[in-house]
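Numbering (this note's numbering), first residue to last: 58 to 768.
Okay, here's the thing in structure tokens:
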């Protein structure tokens, strides 16, 4: 077996002077571009930390060591931005684009500049890795900076390279051709972040710089261009809603690569008019329709996961009406990763996304294998299903399965284990579940009143007279159900009421049915709470159940305890009889007690008043001597400080004296002044009054006192 490589092309970027050098983090599989690609004929992953490509050949559902190999880069200084394959390619070929890392500023070639390359590999014979041929095609005086995006035509016949300051089209077939252009973007500040190509057009998503008067430094822009890199057919700019948290974004740090400003683009290969664009920094995935024969771009829908950031880290079309979205959650600054989920949508409308996903991975049927990190960084669609890339370079293949089967990622169900890559296995739907269409999504639980056997495409309706809870595997006659009645007291602590509500609202998923409630917890456990008739309640205590460890858990019908009642059918518990009423076991209503009887709340029998014993006990009251002071009396009665069982009563006469005493004093002073004014102004009386007025600040100036004398 021999694998030949027809062509390896280097595009050398020659600059006379290099002001800096490119030094990427080779351990970061999320940096600068997509590191994995695949189709029906080949799967390839660029491993920058190993300076090699990991290659896998089909069939993917039965992988052996002979189907995989590692192929070193041409040069140990090479850094691959991204790899790509044609979705519908007929040959086992792939492309790689990147830079030669100069390191410490040394020149990479004789021309004195850094080197940017695109490499093309074609496997003429599968199952083995062979030698590499390398050819220098041209020298181009441009640097890609941090942003260099590559897309491969669906047939694999050519590739496009997209950078801020140049673009090129490379065709390796026959006599290799390279067409380079230095200006295509309508805004020269535009930096491409992600792209995808169809047979007639290309979608490019990126960021452009705003004007100095704009509040935000930059904006998200999506271009629709032709595959010859000659025309921009349509441009769409993201405008956040007023007063939304997205409208407050500044886009600081947009001019250098960071995970915060990564994006994802995928054109539906089964219906190329549909396009998904994921923008994690605004936590939104946009759905576009391409019209006008591939010349117009129209936004038709958008979806978000709430007030977090990271939704849309990866997007992928699985079928014409099926899609997958990588719903990551990061801290607000993207400094730390928090969680990863894959939201799977099926049976989508023709022009929009659904409000909720059909399934979320991981789930009970599709856990994250132990060989794969929980931090997922991207998705790639293939004709066979989905390729998932984790932060450490681990690869997970989730292969599409036919109806009645699901793609299990549980390594315990695999016939043979292989650490790299992890590949799902096809498993039949469990009894009580069904799957009616092809896809990567798990099987669904049959609803109440329906049942199914192993490997079912659809659920079968149960007879009306039988008992079929959700996930039923067979019909159960109502006559076979046993009702057990047993008194069992339940004491509710009011302190735990709020905590119980929090658990019910956040941990359990509750679904109403005609017969009661179905409660599903986060681990997949199911609890059925069935409606009960009057005088009975639905007990969920496993000690009262015939089988305490039965799965699923089902409530049992129990008689109301003595002192309680329940007058109607429902899920609610029995109610306590109020004061003056009583009841026996299994009562529909409470019975009024005799007027001479003692019946506290929850009474089970009347108690005669004569049987009660009165106990008298002295209770001392200690008077606080501090409150006898006038200040305390005034404070306790004028200001409200707190409630108490005791109070101080102040007579209205007290308040009358408080007002009259100063008034009478003032009148007396005025009379004295009038009497003194009739005598000489220099009399001893007048001198005395003047002296005391000055001491009490009643006279502030000589003129003021003169007015008193004149009066």
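Think of the CB as a built atom: it goes at the ideal place given N, C-alpha and C, for glycine as much as any other residue.
| Query | Result |
| --- | --- |
| For the beta strand (DSSP E) that contains residue 253, what are its first and last residues? | 248-254 |
| Rounded C-beta distance between residue 612 and residue 626? I'm assuming under 8 angstroms. | Rounded, the Cβ-Cβ distance is 14 angstroms, inconsistent with contact. |
| Grouping DSSP H, G and I as helix and E and B as strand, with all else coil, what is residue 302? | helix |
| In this structure, what does DSSP give as the bridge partners for residue 507? | 518 |
| Indicate whether the contact test is met: 3 or more Cβ pairs, each with one atom in the region 294-309 and one in the region 253-260, closer than 8 angstroms. | no |
| Considering only DSSP beta bridges, list what residue 275 is partnered with. | 266 |
| Rounded C-beta distance between residue 522 and residue 535? I'm assuming under 8 angstroms. | 6 angstroms |
| Could you pull out every residue in the same chain whose Cβ sits closer than 7 angstroms to the Cβ of residue 108, ignoring the five residues on either side in sequence? | 129, 130, 133 and 135 |
| Check whether the region 204-212 and the region 152-159 are in contact - that is, three or more C-beta pairs closer than 8 angstroms. | yes |
| Within the same chain, show all residues whose beta-carbon is closer than 6 angstroms to that of residue 141, passing over the 5 residues directly before and after it, in chain order. | 94, 152, 207 and 209 |
| Suppose you measure from the CA of residue 469 to the CA of residue 114; what does that come to, to the nearest Å? | 24 angstroms |
| If you pair each beta-carbon of the region 316-323 with each one of the region 297-305, do three or more pairs fall below 8 angstroms? | no |
| For the structure I just gave you, are there three or more beta carbon pairs, one from the region 630-647 and one from the region 655-665, closer than 8 angstroms? | yes |
| Please list, in chain order, all residues of the same chain as residue 219 whose beta carbon is under 7 angstroms from its beta carbon, the five residues on each side excluded. | 206, 249, 252 and 261 |
| Straight-line CA distance for residue 591 to residue 117? | 60 angstroms |
| Which word fits residue 139, buried or exposed, when buried means at least 16 other C-beta atoms lie within 10 angstroms of its C-beta? | buried |
| Near residue 583, which residues of its chain fall below 6 angstroms by C-beta distance, leaving aside the five closest residues on each side in sequence? | 577 and 609 |
| Once DSSP output is grouped into helix, strand and coil, what is the label at residue 618? | coil |
| With DSSP run on the structure shown, which of helix, strand or coil describes residue 114? | coil |
| Relative to the alpha-carbon of residue 84, which residue among 99, 721, 405 and 103 has its alpha-carbon at the smallest distance? | 103 |
| Nearest chain D C-beta to residue 531 closer than 9 angstroms, yes or no? | Going by chain labels, chain D is absent from the structure shown, which holds only one protein chain. |
| Please classify residue 79: does DSSP put it in a helix, a strand, or coil? | coil |
| From residue 460 to residue 335, what distance separates their C-alpha atoms? | 29 angstroms |
| Drop a sphere of 10 angstroms on the beta-carbon of residue 518, count the other beta-carbons inside from all chains shown, and report buried for 16 or more, exposed for fewer. | exposed |
| Taking the alpha carbon of residue 638 as the reference point, which residue from 649, 527, 317 and 415 has its own alpha carbon closest? | 649 |
| Using only alpha-carbon positions, find the residue among 643, 274 and 390 that is nearest to residue 338. | 390 |
| Buried or exposed: which applies to residue 643, given that a residue is buried once 16 or more other Cβ atoms fall within 10 Å of its Cβ? | buried |
| My guess is that residue 454 and residue 419 are in contact by the Cβ rule of under 8 angstroms, so how many angstroms apart are they, rounded? | Incorrect: roughly 15 angstroms between the Cβ atoms, too far for contact. |
| So residue 464 packs on residue 438, CB below 8 angstroms; how close in whole Å? | Their Cβ separation, rounded to whole angstroms, is 14 angstroms, which puts residue 464 and residue 438 out of contact at 8 angstroms. |
| On the criterion of 16 or more Cβ atoms from any shown chain inside 10 Å, does residue 697 qualify as buried, or is it exposed? | Here the model assigns residue 697 a pLDDT of 44, short of 50, so the residue's position is not dependable, and the following value carries that caveat. With fewer than 16 Cβ atoms within 10 Å of its Cβ, residue 697 is classed as exposed. |
| Given a cut-off of 9 angstroms on the beta-carbon distance, is the pair residue 379 and residue 347 in contact? | no |
| Measure the alpha-carbon distance for residue 124 versus residue 214 and round it to whole angstroms. | 24 angstroms |
| My parser needs the beta strand (DSSP E) runs of 3 or more residues fully inside the region 399-459; what are they? | 416-418, 433-439, 442-447 and 452-456 |
| Can you tell which of 575, 541 and 620 has the C-alpha that lies nearest to the C-alpha of residue 614? | 541 |
| Using a Cβ-Cβ cutoff of less than 8 angstroms, which residues in the same chain neighbour residue 278 once the five nearest sequence positions on both sides are dropped? | 244, 247, 262, 263, 264, 265, 292, 293, 294 and 295 |
| Hey, residue 410 and residue 359: beta-carbon distance below 9 angstroms or not? | yes |
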